[in-house]
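For the record, in the sequence shown the residue sitting at position 247 is 247 according to my numbering, with numbers rising by one throughout.
Even glycine gets a Cβ: it sits at the ideal position worked out from N, Cα and C.
Every value quoted in this text rests on a predicted model; they were computed, and no experiment measured them.
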Amino acid sequence: MTAPSEPLAPMQRLARVVRFGIVGVAATLTHAAILWLLAERLGMRASLATLLGFLTAFSVSYLGHYHFTFGSRVPHHQALPGFAFAAITGAVLNVLIFVIMTDVFRANLWLAFATTIVTIPPVVFMLSKGLAFERAPDGPKRRDYRLLAAPVIFFALTAAYTLIFHYQLPYHDHWDIVPLWDAAQAGTLKPADLFVQHGSHWHASGYIVMLATAELTGMAHWPDVCISLLLAAFGFVALFEILRRTLDELGEGRSLLRVTAAAAFIYFSLDQAANWLWGWQVAIFASMTGVVWCIALLMRPGLNWARMGLAAIAATVAIYGFATAWCLLPVGLFLIALAPVTTRQRRALAGFTWTLLFAAFFLHYSATRGNYGDTMLPHGNALETMLGVGHYLANYAASAVARIYKPASLLVAAAAVGALGTIAGLSWMHFRKSLAAYRGLVALLAFSLGAGLLTALGRWQAFGPEQAFANRYITLSNYAWLSVIVAGLILLPKLGAKMRILFVLALCGYVLAKSVNDTSAINTARLAMRVNAAGCELTLAAPDVPADALATISAPQQHIAPRLTLLAARDASLFRPDAIKRCREKQPHK
1 MTAPSEPLAP MQRLARVVRF GIVGVAATLT HAAILWLLAE RLGMRASLAT LLGFLTAFSV
61 SYLGHYHFTF GSRVPHHQAL PGFAFAAITG AVLNVLIFVI MTDVFRANLW LAFATTIVTI
121 PPVVFMLSKG LAFERAPDGP KRRDYRLLAA PVIFFALTAA YTLIFHYQLP YHDHWDIVPL
181 WDAAQAGTLK PADLFVQHGS HWHASGYIVM LATAELTGMA HWPDVCISLL LAAFGFVALF
241 EILRRTLDEL GEGRSLLRVT AAAAFIYFSL DQAANWLWGW QVAIFASMTG VVWCIALLMR
301 PGLNWARMGL AAIAATVAIY GFATAWCLLP VGLFLIALAP VTTRQRRALA GFTWTLLFAA
361 FFLHYSATRG NYGDTMLPHG NALETMLGVG HYLANYAASA VARIYKPASL LVAAAAVGAL
421 GTIAGLSWMH FRKSLAAYRG LVALLAFSLG AGLLTALGRW QAFGPEQAFA NRYITLSNYA
481 WLSVIVAGLI LLPKLGAKMR ILFVLALCGY VLAKSVNDTS AINTARLAMR VNAAGCELTL
541 AAPDVPADAL ATISAPQQHI APRLTLLAAR DASLFRPDAI KRCREKQPHK
């Protein structure tokens with residue numbers, strides 16, 4: 001095997017691609033044969049048949065790539081887990097493509113199959129190459145499993161809270177998925193329909209997830225929050241990569257443990273409770289996971305087209321999940337401009353390609369603009385607009401700390417600006433020759449503030465600055481706080497005694513304020529319990545519709561009675577047999 005550090009000659013790379021293609025064809029034929037046998041001959045559901053076919057082809061792929069494509073010498077106990085991760089990723093993408101194309105959009109199963117064989121093999125190849133067959137052998141140094149402690153603990157707490165208290169029926173905006181699901185059931189849903197709901201917010205990534213889980217489960221709602229949790233965990237992997245690379249380039253690897261713990265505390269915070277409990281917000285987690293992976297990919301040294309392609313996919317998921325991810329255009333260009341171990345020509349070409357990608361997004365936006373009734377930008381007095389947008393942005397930044405006590409928002413925002421300026425100055429003083437290493441943290445900060453500015457421009461005039469405290473914006477503003485806190489923790493060993501004491505006191509103040517903010521999860525859990533109780537009342541009263549229960553689960557301007565009737569007719573959501581049984585069991589015995 002060629003050592004990972006030795007670049008392959010062009011003919012060797014071409015030969016490897018050919019060998020990969022041969023193994024891929026063999027695995028694909030195996031997959032196709034199983035799919036044909038199970039779906040066409042035995043009548044199995046196409047999405048399940050393709051999963052079994054994919055798993056059957058796993059051994060063909062692994063052995064073929066190990067011995068033939070890569071000629072790997074990595075021990076099987078090291079190579080197999082990496083390839084298994086690559087294959088599982090491919091399997092998940094495979095099933096997702098089939099569910100979306102055959103179950104949601106009713107496309108021909110062979111069109112879905114063609115889509116999978118075009119899109120999935122390159123992803124599996126890149127993951128297999130890096131994680132399994134050309135990975136550096138593990139050295140004698142033991143892994144520091146303490147790094148996992150804080151992320152696992154905070155994720156476990158958040159996951160337990162979410163699974164216990166999540167909304168078990170559509171709530172407010174979530175009711176808008178019902179007509180899309182009805183169209184999918186009727187076979188009339190078109191991809192363009194995903195860009196009609198909720199105007200220019202662009203939640204298509206979330207709609208796809210919700211429609212897929214609704215198709216598979218009869219619109220149970222626990223799968224949506226589980227996917228939100230999994231997306232968040234996957235996003236934290238990318239965030240950890242950003243933090244690790246930043247510290248390595250600064251020569252501060254010893255700070256990784258405390259930096260990881262602080263990042264996990266912020267990233268999985270319970271003040272995002274409404275996002276965790278509400279299946280509708282899977283869109284925000286899809287978007288944020290795409291954002292973090294896009295930044296992690298673009299900050300790696302040595303830009304190549306494979307990495308650019310993956311970053312483009314991540315950006316697409318992000319933008320179609322939540323339109324604030326448009327901020328990835330300047331953020332991506334910033335990271336490309338600073339990409340280490342990359343020629344100037346390649347940076348220029350990568351920057352041009354990145355701009356073309358966003359030009360395509362803009363063309364799509366322009367083509368669908370007629371669906372949107374919102375004006376997007378404020379109008380009126382310039383001074384009033386600047387003050388209003390500034391106030392909104394201050395509330396947005398403070399929401400991640402002071403949502404539970406909103407009058408303190410301007411003071412918190414001012415303190416954050418002061419902390420940012422101080423940390424930036426100290427970073428310049430101590431790491432002047434390594435400032436490019438901060439590019440990942442700067443990208444996260446720029447994205448967070450840019451998303452806040454876009455939100456302020458679109459929402460301030462219609463809803464006022466108080467709207468910036470909406471729960472989903474905590475998830476967005478967390479990235480700004482995370483960047484500042486991490487940068488401060490990196491500086492901590494460099495500070496003198498007095499500055500260190502001041503920083504520790506400031507950090508303790510932040511942790512206290514954030515922890516108090518997290519107590520908002522109690523009120524959110526109480527709301528979820530009221531919503532679920534109202535859902536049971538509607539379930540057991542059907543076909544009657546109690547007005548009080550209706551008011552609990554929907555906004556005043558929503559008319560959801562027809563959607564309740566539709567769900568009842570299809571035994572879906574709160575009218576699923578298991579949901580009815582659960583509600584009956586909760587009734588007090590007479």
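- Closest in alpha carbon position to Val99, among Met210, Ile88, Ala79, Leu163, is Met210.
- An exposed status is given to Ser59, since fewer than 16 other beta-carbon atoms sit within 10 Å of its beta-carbon.
- When DSSP states are grouped into helix, strand and coil, Met126 belongs to the helix group.
- Within its own chain, the residues whose Cβ lies closer than 6 Å to the Cβ of Gly450, once the five positions on either side in sequence are excluded, are Cys327, listed in chain order.
- Taking 9 Å as the cut-off, the beta carbon of Trp460 is found closer than this to the beta carbon of Val389.
- Contact annotation: Thr56 and Ala39 have beta-carbon atoms that are not nearer than 9 Å.
- Looking at the backbone, the Cα of Phe20 and that of Gly251 are separated by about 38 Å.
- Rounded to the nearest whole angstrom, the C-alpha separation of Ala27 and Trp110 is 16 Å.
- When C-alpha distances from His203 are compared across Thr213, Arg254, Pro170, Ile284, the shortest belongs to Ile284.
- Scanning its chain for C-beta atoms nearer than 7 Å, with the 5 sequence neighbours on each side dropped, one finds around Leu52 the residues Ile34, Leu38, in chain order.
- If you look at Phe447, you'll find it in the alpha helix (DSSP H) that goes 439 to 463.
- Look at Leu567 here: in three-state DSSP terms it is helix.
- One Cα belongs to Val23, the other to Val237, and the distance between them is close to 30 Å.
- Assignment of Ile560 by DSSP, reduced to helix, strand and coil, places it in the coil class.
- Counting only runs of at least 4 residues, the segment 25 to 72 fully encloses the following alpha helix (DSSP H) elements, listed from N- to C-terminal order: 46 to 56, 58 to 64.
- Tyr479 is not a Cβ neighbour of Leu426, given a cutoff of 9 Å.
- Spanning the alpha carbons of Pro301 and Arg439 requires a straight line of approximately 12 Å.
- Under a 10 Å Cβ-count criterion, Phe165 is classified as buried, with 16 or more other Cβ atoms of the shown protein chains found around its own Cβ.
- Apart from sequence neighbours up to five positions away, the residues of its chain that approach Leu489 with a beta-carbon distance below 7 Å are Ser255, Arg258, Val259, Ala262, ordered along the chain.
- In terms of Cβ geometry, Leu180 and Leu169 do not form a close pair [threshold 9 Å].
- Looking at the backbone, the Cα of Gln185 and that of Asp578 are separated by about 21 Å.
- Per DSSP, Arg254 lies in no alpha helix (DSSP H) segment and is marked neither H nor E.
- Shown here, Asn517 sits in a helix according to DSSP, grouped into three states.
- In its chain, beyond the 5 residues on either side, Leu231, Phe234, Gly235 have a beta carbon closer than 6 Å to the beta carbon of Thr289.
- Of the residues assessed, Phe352 falls on the exposed side of the cut-off, its CB having fewer than 16 other CB atoms within 10 angstroms.
- Restricting attention to Ala286, Pro191, Thr188, the CA atom closest to the CA of Ser228 is found in Ala286.
- The C-beta distance from Cys294 to Ala311 rounds to 5 Å, short enough to fall under 8 Å.
- The beta carbons of Asn471 and Asn275 sit about 6 Å from each other, so the pair counts as a contact at 8 Å.
- By the criterion of a C-beta distance shorter than 6 Å, Ala132 is surrounded in its chain by Ala79, Gly82, Phe83, once the five residues flanking it on both sides are discounted.
- Taking the CA atoms as reference points, Asp248 sits about 11 Å from Ser434.
- Of the candidates Arg500, Phe322, Val178, Phe322 places its Cα closest to the Cα of His201.
- In terms of Cβ geometry, Ala220 and Arg570 do not form a close pair [threshold 9 Å].
- The Cβ neighbour count for Thr539, taken over all protein chains shown within 10 Å, is at least 16; the residue is labelled buried.
- Within the same chain, Cβ atoms closer than 7 Å to the Cβ of Ser483 are found at Leu441, Leu444, Leu445, the five residues on either side in sequence being excluded.
- A residue is called buried once 16 or more other Cβ atoms fall within 10 Å of its Cβ, and Asn532 is buried on that count.
- Per the Cβ contact rule, the segment 557 to 574 is in contact with the segment 539 to 548 (3 or more Cβ pairs under 8 Å).
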